[in-house]
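Protein chains in written order, with this note's numbering: chain A, 90 to 206; chain B, 90 to 206.
Number of protein chains: 2
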Amino acid sequence: MLFAHGARDPEWALPFLAIRDAVRRQRPENPIVLAFLELMQPTLEAAVAELVAEGASSIMVFPLFMAQGGHLKGDLPRLLEPLRAGYPNVPIALEAALGDVPEITNAIASWVVQRSE
Amino acid sequence: MLFAHGARDPEWALPFLAIRDAVRRQRPENPIVLAFLELMQPTLEAAVAELVAEGASSIMVFPLFMAQGGHLKGDLPRLLEPLRAGYPNVPIALEAALGDVPEITNAIASWVVQRSE
């Protein structure tokens, strides 16, 4: 599962949908869903329920947030706790924020360096 | 200039500081500053004023936001307008959001694919 913030503007979701589609192309054997903290659908709860209903034996949550702030340190654990309690046979793993992944921060720095040449 | 959202939690800024430092290492000839929309310092206004005072002849703003939502479509142009009017001899260019850069979205998708192997 990819997990993004959500926004009022539907166009905001386009890059996240593009990332979801790229992952789907490279991992066609796994169901890949995109869920949102707020303002967009599906919610994390709905997406987990759907994956469990489809027979998922475990779920990995990739937060598509740049950094660990209130959303990832507070909101997300609060959302995950009842889901983990409610689906005790489906472990839900939480991955790092984008800004904690060197390959991603390197790609961002390289883009800035190249554009400012 | 790198431009990020800002947060109450000081740790939130760490990935952005790491990106800034990586760009500085690769572009030591250019002043690289990190500014914030809210909750952290410096503001965009303060950072532009500082760069202009240091003699910048032009400024590129790289928004370290994943997608174009209300912050990039509304807040940022509103902040830039008086700065561009106030410093007519220092053009301020606005770059794409992270999610609009294929090298960056590819890096994110590759990370998800690798982690879920």
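Ideal Cβ positions, reconstructed from N, Cα and C, are used throughout, including at glycine.
Item	Value
With H160 of chain B and L126 of chain B assumed to form a contact (beta carbons below 8 Å), what rounded beta-carbon distance in angstroms separates them?	6 Å
Output yes or no for whether 9 Å exceeds the beta carbon distance between L140 of chain B and F92 of chain B.	no
Is V122 of chain A near S146 of chain A, with beta carbons less than 9 Å apart?	no
Identify whether I121 of chain A lies in helix, strand or coil by the three-state DSSP scheme.	coil
Using the beta-carbon of each residue, which ones in chain A are nearer than 8 Å to E192 of chain B?	A196, S199, W200
Can you list the residues of chain A that E184 of chain B reaches, using a CB-CB cut of under 7 Å?	R204
Going by Cα to Cα distance, which pick from A:A124, A:F151, A:T194, A:A138 is closest to L183 of chain A?	A:F151
Do the CB positions of I108 of chain A and V190 of chain B come within less than 9 Å of each other?	no
Using CA atoms only, rank isn't needed, just tell me which of B:T194, B:K162, B:A138 is closest to F154 of chain A.	B:T194
Taking 9 Å as the threshold (beta carbon to beta carbon), is Q157 of chain A in contact with chain B?	yes
If the cut is a Cβ gap below 8 Å, which residues of chain A does F105 of chain B touch?	M155, A156, G188
Is A93 of chain B helix, strand or coil by DSSP?	strand
Can you list, in chain order, the stretches of the beta strand (DSSP E) that have 3 or more residues and sit fully within the stretch 130–155 of chain A?	148–152
Report buried or exposed for L106 of chain A, applying the criterion of at least 16 other Cβ atoms within 10 angstroms of its Cβ.	exposed
Which residues bound the beta strand (DSSP E) around L183 of chain B?	181–183
According to DSSP, is R116 of chain B helix, strand or coil?	coil
Can you give me the start and stop residues for the alpha helix (DSSP H) that G175 of chain B sits inside?	165–175
Please work out which residues of its chain come closer than 7 Å, Cβ to Cβ, to I97 of chain A, disregarding the five sequence neighbours upstream and downstream, and give them in chain order.	Before going further, note that residue 97 of chain A is Arg rather than Ile in the sequence given. Around R97 of chain A: L128.
Would you verify that the beta carbon of D164 of chain A is, or is not, closer than 9 Å to some beta carbon of chain B?	no
Specify, as a first and last residue, the run of the alpha helix (DSSP H) that V202 of chain A falls within.	191–204
Which of the three DSSP states, helix, strand or coil, is assigned to A111 of chain A?	helix
Can you pull the chain B neighbours of E134 of chain A, defined as C-beta to C-beta under 8 Å?	What E134 of chain A touches in chain B: nothing, since even the nearest Cβ is about 21 Å away.
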